[in-house]
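In UniProt numbering, the protein residues as written are 1 to 318.
Worksheet for the structure shown next.
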């Protein structure tokens, strides 16, 4: 199996900020909006270089979504930015009515998703946003795994036509993907090929899956690890090709078990190829305040949990 290493850790939100900086220099139609969180969304350089293409809406996220929809009518490509909790749950009605229903070319870019924003606690730890957004007609849903992939996804979305939800995080995590990668929306990335179990991971859980795969290899188990960075549209071809080979699945996400990547994969399997599946996800509960690594361990989102579920699902298969 291929070994992945890293020399630095960076937050995925910085990948978004640097992607926006590049877009500011290359695409004059790109604009950004913010609900009083410029520092957290890392858009300061874009704003400094393109002040006429930045709109500060204040703590008025619903208004920000409406303004974004309006900007598309003038041919602009708006990236409204805020925390994931405020950019999904708080403004779901505005996204549905003003953006998705009318198929507006808005790129909703949200940081601090999942549990790993840590000390801010349960009220800010949105764990239902993927479920909400993948249920929305016309909406593309992307959840990249590291700094480089987030930057590439940010840039790629400017060429994509239609509503999109780009989800990223606060903590510094290993940077292990190609800095010059081409991000393909809807195309899963094969991290490591294997024959015994398929591990589909998204976001911060991709690195945990890689670590789990290395330990499983030491136990003589060949894990196929695939990064599902695009949850909608889902790469069903890659999923089915993998599961037809391994005959069992573990899905991994920093999200509720209900409605996220795991359920998206289960839906594909139920209609095409029945196989045992185990979930690495938050089990129908809210989070709490704590260090990101502590929360990941407590809520069962670590490499050790992936190993446990992989062994269990292989046993179910056998």
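C-beta: ideal position from N, C-alpha, C; glycine also.
Three or more beta-carbon pairs under 8 Å between the stretch 242-251 and the stretch 119-137, yes or no?
Verdict: no, contact absent.
Span of the alpha helix (DSSP H) around residue 174:
Element bounds for residue 174: not the alpha helix (DSSP H) but the beta strand (DSSP E), 172-174.
Below 8 Å, how does it come out for the stretch 221-230 and the stretch 201-208: are there three or more Cβ pairs, yes or no?
Contact holds: three or more Cβ-Cβ distances are below 8 Å.
Separation of residue 176 from residue 7, as counted between CA atoms
Cα to Cα, residue 7 sits roughly 8 Å from residue 176.
According to DSSP, is residue 68 helix, strand or coil?
For residue 68, the secondary structure class from DSSP, reduced to helix, strand or coil, is helix.
Identify, in the order they occur along the chain, each residue of the same chain with its Cβ nearer than 6 Å to the Cβ of residue 198, setting aside the five sequence neighbours on each side.
224, 242, 243, 246 and 249, listed in sequence order.
For residue 198, which three-state DSSP category applies?
Strand, per DSSP.
Considering only the alpha carbon of each residue, which of 254, 54 and 266 lies closest to residue 24?
Among 254, 54 and 266, the Cα nearest to that of residue 24 belongs to 54.
Close-in-space but distant-in-sequence residues of the same chain around residue 273 (CB under 8 Å, 5 per side omitted)
Excluding residues within five positions, the ones whose Cβ falls inside 8 Å are 240, 243 and 244.
Three-state class that DSSP yields for residue 166 in the structure shown:
Strand, per DSSP.
Residue 284 classed as buried or exposed, judged by whether at least 16 other C-beta atoms fall within 10 angstroms
Result: exposed.
For residue 95, is the classification buried or exposed, using 16 other Cβ atoms within 10 angstroms of its Cβ as the cut-off for buried?
Result: buried.
Residue 294 - containing alpha helix (DSSP H), residue span:
In this chain, the alpha helix (DSSP H) harbouring residue 294 covers 292-298.
For residue 266, which option in 296, 279, 13 and 116 has the closest C-alpha, if you only look at C-alpha atoms?
Checking every option, the nearest Cα to that of residue 266 belongs to 279.
Would you identify the three-state DSSP class for residue 313, choosing helix, strand or coil?
DSSP places residue 313 in helix when its eight states are reduced to three.
Tell me, please, whether the stretch 131-149 touches the stretch 94-112 by the rule of three or more beta-carbon pairs shorter than 8 Å.
Result yes; three or more Cβ-Cβ pairs closer than 8 Å.
Using the C-alpha atoms, what's the distance from residue 233 back to residue 30?
Residue 30 and residue 233 have their C-alpha atoms some 23 Å from each other.
Quick one: what does DSSP say residue 155 is sitting in, helix, strand or coil?
Of the three classes helix, strand and coil, the one that applies to residue 155 here is helix, per DSSP.
Quick one, which of 216, 301, 11 and 81 has its alpha-carbon nearest residue 165's?
The shortest C-alpha separation from residue 165 is found at 81.
Which of helix, strand or coil DSSP assigns to residue 51
Helix, per DSSP.
Here's a check: name, in chain order, each residue in its chain whose Cβ is nearer than 7 Å to the Cβ of residue 190, leaving out the five neighbours to either side.
Same-chain partners within the cutoff: 226.
If you count every other CB in all the chains shown that lies within 10 Å of the CB of residue 293, and 16 or more means buried, which is it?
Burial check for residue 293: the Cβ neighbour count within 10 Å stays below 16, so the residue is exposed.
Our contact map puts residue 157 next to residue 107 with C-beta atoms below 8 Å; I'd like the distance itself, whole angstroms only.
5 Å between Cβ atoms; contact.
What residue from 116, 127 and 163 has the CA that sits closest to residue 138's CA?
Per the Cα distances, 163.
Can you look up residue 14 in the DSSP assignment and give me helix, strand or coil?
Shown here, residue 14 sits in a helix according to DSSP, grouped into three states.
Suppose the cutoff is 6 Å on Cβ atoms and the five residues either side in sequence are ignored; what does the same chain contact list for residue 91 look like?
Same-chain partners within the cutoff: 61, 62 and 65.
With distances taken Cα to Cα, identify the nearest neighbour of residue 329 among 76, 116, 168 and 147.
Past the boundaries of the shown model lies residue 329; the chain is included only from 1 to 318, so the question cannot be answered.
Cβ atoms of residue 14 and residue 48: under 9 Å apart, would you say?
Contact flag unset, no.
For residue 258, tell me which candidate among 100, 155, 16 and 127 has the shortest Cα-Cα distance.
From the listed residues 100, 155, 16 and 127, the smallest Cα separation to residue 258 is found for 127.
Can a CB atom of chain B be found closer than 9 Å to the CB of residue 98?
Considering every chain present, this structure includes no chain B. It has just one protein chain.
Whole-number beta carbon distance between residue 154 and residue 20, since they are thought to touch under 8 Å:
The beta-carbon distance between residue 20 and residue 154, rounded to whole angstroms, is 6 Å. This is short enough to meet the 8 Å contact definition.
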